[in-house]
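Participant:
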Amino acid sequence: MKDVPDGGTGGLSREEIETRARELGPWFHNLDLRGVPTAPEHFLGDYPNIKFRGFSHALPSDLSGKSVLDIGCNAGFYSLEMKRRGAARVLGIDHDEHYLAQARFAAEVLGFDDVEFRQMEVWDVGALGERFDLVIFMGVLYHLRHPLLALDLIREHVADDLLLFQSMQRGSGEVMEVQANYTFWQTEMFDQPAWPKMHFIEHEYANDWTNWWAPNRAAVEAMLRSSGFEILDHPEEEVFLCRVAPTPRQHAVYPARGNRSPGA
Ligand SMILES: C[S@@+](CC[C@H](N)C(=O)[O-])C[C@H]1O[C@@H](n2cnc3c(N)ncnc32)[C@H](O)[C@@H]1O
């Protein structure tokens, strides 16, 4: 694993880093900016460091020459960790400029000048016109009104090899054997806790109206497979490492990206 590049603090004193970090708050990622913690009071503890410790061993320790796309990068914790592992190209995207400003500042302080952060919706990944060796899609699925579409778009347009995935999960942690087909009159399996289920949240959950869905583990696994991802590893309760696989069924993926010129 590569160390933080030498060369100080992006020219900033500790006091300047503290002041700027405060101005850029509130932070969701508790980053260590040369001794300055950005979210020391995080409700999940030292987050996402604590999370990462539980599954970091499942990722290649050397990403030399590899490209990484971090979707919903927030303040860039995973983007910067992948750069530490030597990735040649790291692009973090998020739709929230507030978090992207934090990510750019963190990269500057830590000396990772070539990590790129761009404002973008997950729905627009097709516009990147580029595939990545590792796509990170951590903690975003359940914030989306159309979660399966996001997975389909990632599979169709940007994933070239590995997908690192995480979702909040609620309900059963069991996974039941699902038959290839059922008759119209069979209904009892839908009441099994281990049947793939997504709980729809019409109002709010955890004081966050962007929490639209809470899938159980079986639903997460089934959705990943259905979108064309083979699950290679499940190193932590909420985390899956996947590899691109053939999509089991032909299905439409919108927005489509065509090569037709306007008016054609
Ligand atoms: C819970 S945070 C997860 C951050 C980080 N990936 C992690 O695992 O620590 C969700 C992030 O996804 C971003 N996000 C939510 N919906 C998005 C969308 N439609 N397109 C791009 N980013 C989105 C949010 O702005 C936020 O930074």
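First residue of the sequence shown: 90, per the working numbering; consecutive thereafter. Just so it is clear, CB atoms sit at the ideal spot from N, CA and C, and this is done for glycine as well.
Are the stretch 172 to 184 and the stretch 130 to 141 in contact at 8 Å, needing three or more beta carbon pairs?
Facilitator: No: fewer than three Cβ pairs fall under 8 Å.
Participant: For Met227, verify whether its CB is less than 7 Å away from any heavy atom of ligand 1.
Facilitator: Counted from its first residue, the sequence shown places residue 227 at position 138. Met227 Cβ: within cutoff of ligand 1.
Participant: Going straight from the alpha carbon of Ala295 to that of Gly218, what length do you get?
Facilitator: The count along the sequence shown starts at 1 and reaches residue 295 at position 206. The count along the sequence shown starts at 1 and reaches residue 218 at position 129. Rounded to whole angstroms, Ala295 to Gly218 spans 36 Å at the Cα level.
Participant: Considering only heavy atoms of ligand 1, does any lie closer than 7 Å to the CB of Cys331?
Facilitator: Taking the sequence shown and counting its residues from 1, the one referred to as residue 331 is at position 242. False, no ligand heavy atom lies under 7 Å from that Cβ.
Participant: Buried or exposed: which applies to Glu170, given that a residue is buried once 16 or more other Cβ atoms fall within 10 Å of its Cβ?
Facilitator: By 1-based counting over the sequence shown, the position of residue 170 is 81. When all chains shown are included, Glu170 counts as buried.
Participant: Once you ignore the five residues that flank Val125 on each side, which residues in its own chain have a CB closer than 6 Å to its CB?
Facilitator: To locate residue 125, count along the sequence shown from 1; it is residue 36. These residues qualify, in order along the chain: Ile106, Glu107 and Ala110.
Participant: Using the three-state DSSP reduction, which class does Asp92 fall into: helix, strand or coil?
Facilitator: Looking up residue 92 in the sequence shown gives position 3. Note that Asp92 scores a pLDDT of 46, beneath 50, so its modelled location is shaky; the value from the coordinates is reported in the next line. Residue state, collapsed to three classes: coil.
Participant: Counting pairs of Cβ atoms below 8 Å between the stretch 193 to 210 and the stretch 219 to 232, do you hit three or more?
Facilitator: Judged by Cβ distances under 8 Å, the stretch 193 to 210 makes no contact with the stretch 219 to 232, as fewer than three pairs qualify.
Participant: DSSP three-state label for Asp135, please.
Facilitator: Translated into the one-based positions of the sequence shown, residue 135 becomes position 46. Reduced to three states, the DSSP call for Asp135 is coil.
Participant: Tell me whether Leu242 counts as near ligand 1, meaning its Cβ is closer than 7 Å to at least one heavy atom of that ligand.
Facilitator: Reading the sequence shown from its first residue, position 153 is the one you call residue 242. No - ligand 1 has no heavy atom lying nearer than 7 Å to the Cβ of Leu242.
Participant: So who's on the other strand from Cys331, going by DSSP bridges?
Facilitator: Within the sequence shown, the letter at position 242 stands for residue 331. Answer is Leu252 and Ile320, bridged to Cys331.
Participant: Quick one: what's got a C-beta closer than 6 Å to Ala176's C-beta in the same chain, skipping five residues either side?
Facilitator: One-based indexing of the sequence shown puts residue 176 at position 87. Closer than 6 Å at Cβ, skipping near neighbours: Leu152, Lys155 and Val157.
Participant: Short check: CB of Arg314 to CB of Ser261, under 8 Å?
Facilitator: The residue you call residue 314 lines up with position 225 of the sequence shown. The residue you call residue 261 lines up with position 172 of the sequence shown. Their beta carbons are not under 8 Å apart, which means Arg314 does not touch Ser261 by this criterion.
Participant: When every heavy atom of ligand 1 is checked, does at least one fall within less than 7 Å of the C-beta of Glu325?
Facilitator: Taking the sequence shown and counting its residues from 1, one reaches residue 325 at position 236. Incorrect: Glu325 has no Cβ contact closer than 7 Å to ligand 1.
Participant: Nearest CA to the CA of Val214: which residue from Val328, Ala248, Asn138 and Ser102?
Facilitator: To locate residue 214, count along the sequence shown from 1; it is residue 125. Of the listed residues, the one whose Cα sits closest to Val214 is Ala248.
Participant: Do Thr299 and His235 count as a contact pair if the criterion is CB distance below 8 Å?
Facilitator: Within the sequence shown, the letter at position 146 stands for residue 235. Within the sequence shown, the letter at position 210 stands for residue 299. Cβ distance not < 8 Å, so His235 and Thr299 don't count as in contact.
Participant: Can you find the residues in the same chain that come closer than 6 Å, C-beta to C-beta, to Ile225, ignoring five residues on each side of it along the sequence?
Facilitator: Taking the first residue of the sequence shown as position 1, residue 225 is located at position 136. The answer, listed in chain order, is Asp159, Tyr167 and Leu253.
Participant: Rounded to the nearest angstrom, what separates Glu293 and Ala303 at their Cα positions?
Facilitator: As a position in the sequence shown, residue 293 is number 204, starting the count at 1. As a position in the sequence shown, residue 303 is number 214, starting the count at 1. The alpha-carbon atoms of Glu293 and Ala303 are separated by roughly 12 Å.
Participant: Compare the Cα-Cα distances from Gly114 to each of His323, Ala164 and Leu251 and report the closest residue.
Facilitator: Within the sequence shown, numbered from 1, the residue matching residue 114 stands at position 25. Checking every option, the nearest Cα to that of Gly114 belongs to Ala164.
Participant: Can you tell me where the alpha helix (DSSP H) holding Arg109 begins and where it ends?
Facilitator: Along the sequence shown, one-based indexing puts residue 109 at 20. Arg103 to Glu112 is the span of the alpha helix (DSSP H), which, as asked, contains Arg109.
Participant: Note down, in chain order, each residue of its chain lying with its Cβ closer than 6 Å to the Cβ of Asp322, except the 5 sequence neighbours on either side.
Facilitator: Residue numbering aside, residue 322 sits at position 233 when the sequence shown is read from its first letter. Excluding sequence neighbours, Asp322 sits near Ala147 and Leu330.
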